[in-house]
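Numbering (the working numbering), first residue to last: 5 to 276.
Some notes on the structure that comes next.
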Ligand code: MG
Ligand code: MG
């Protein structure tokens, strides 16, 4: 069942989303070779609680930590551990928050030290595909329009679009309807209406789209061992158009990057 949100509820959801954005921005300054994902996880848990929220993933479906930490060939749902990050790694960090009864849920794939050009391009194209998907998330369009936009932008590079894991509606429950696959056919699937809030989250592999799962029951990784990227934003339909609730601007500020990629999707100016 789809739960459309009021303007007031969307503003509460923006608060939850921005707590995750700030958490990712804080982590951006900490990510370097030698740091463990468990250390970053503890930093994030403290940061989220200090901002008056609860970690959204901790205990959700019995997940043991605050962050999903998925390096290199891991796609999503990796469990933080005491293995240090190495120069040239990539690390996908997915983070959730719960505040005022609503969840925030967004993700970024970070570079650790010097990353090779092939992997850098995977990250760039995957993030571009996220914004292609967001542009297609507007009233009157359908689930397949978003999936098509992401699939079309990434498959033409020869990348694999993960099939088994999808984006989702977001609200007082972490995973609401509709499911938002990163593949699809234009004009097909459920139609978008005013007040819908979703998490759009392309999971794109350098090689095959096929996946496998570790025996821990959580970690999903590429079947061929090649890297995978994951970028996720929370987006609402406001006045018929996509309105970003989350932002990467805290990450960019920490990393000294300037980007206007989010401007088309923000009706209310953001001060970072
Ligand atoms: Mg997520
Ligand atoms: Mg999600």
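Don't be surprised by glycine CBs; every beta carbon is placed ideally from N, CA and C.
Exercise. For the candidate residues 75, 180, 89, 104, whose alpha-carbon lies nearest to that of residue 98?
Worked result: Comparing C-alpha distances from residue 98 to each of 75, 180, 89, 104 shows the shortest one belongs to 75.
Which residues have their C-beta within less than 5 Å of a heavy atom of ligand 1, listed in chain order? 98, 109, 111, 236
Exercise for the section: Determine the closest residue to residue 108 out of 159, 72, 178, with distance taken between C-alpha atoms. Expected result: 178
* Asked: In three-state terms, what does DSSP make of residue 35?
  -> coil
Notebook entry, point to check: Who are the near neighbours of residue 140 in its chain, counting only those whose CB is closer than 7 Å to its CB and skipping five residues on each side?
Noted result: 149, 150, 153
Determine which residues share a DSSP beta bridge with residue 107 and list them.
-> Answer by DSSP bridge pairing, in chain order: 102.
- [ ] Specify the secondary structure class of residue 146 as computed by DSSP and reduced to three states.
- [x] strand
Notebook entry, point to check: Helix, strand or coil: how does DSSP classify residue 93 here?
Noted result: coil
- Message: Considering just the uninterrupted stretch of the alpha helix (DSSP H) at residue 253, what are its terminal residues?
- Response: 253-259
key: CB-CB length for residue 45 against residue 71, believed under 8 Å   = 5 Å
Report yes or no: do the region 46-66 and the region 24-31 share at least 3 C-beta pairs separated by less than 8 Å?
yes
Whose C-alpha, out of 36, 21, 243, 271, is nearest the C-alpha of residue 143?
243
Q) Is the distance from the Cβ of residue 234 to the Cβ of residue 79 below 8 Å? A) yes
heavy atom of ligand 2 below 7 Å from residue 240 C-beta: No, ligand 2 has no heavy atom inside 7 Å of this Cβ.
Item to complete: Sort 227, 89, 137, 114 by Cα distance to residue 168 and report the nearest one.
Response: 227
- Task: Pick helix, strand or coil for residue 180, following the three-state DSSP scheme.
- Result: In this structure, residue 180 counts as strand in the three-state DSSP scheme.
message = Rounded to whole angstroms, what is the Cα-Cα separation between residue 247 and residue 273?
response = The alpha-carbon atoms of residue 247 and residue 273 are separated by roughly 11 Å.
task = Starting from residue 112, follow its DSSP beta bridges and name the residues at the other end.
result = 97
*Inter-residue Cα distance where the pair is residue 136 and residue 180*: 22 Å
- Alpha carbon to alpha carbon, what distance is there between residue 39 and residue 203? 29 Å
Using C-beta distances below 6 Å, list every residue in its chain close to residue 236, excluding the 5 sequence neighbours before and after it, in chain order.
110, 111, 203, 205
Requested in this report: Using a Cβ cut-off of 8 Å (strictly closer), state whether residue 170 contacts chain D.
Outcome: Reference to chain D is not applicable here, since this structure consists of a single protein chain.
For residue 134, collect the residues of the same chain with a Cβ closer than 8 Å to its Cβ; drop the 5 residues on either side in sequence, then sort them by chain order. 154, 204, 205, 206, 235, 236, 237
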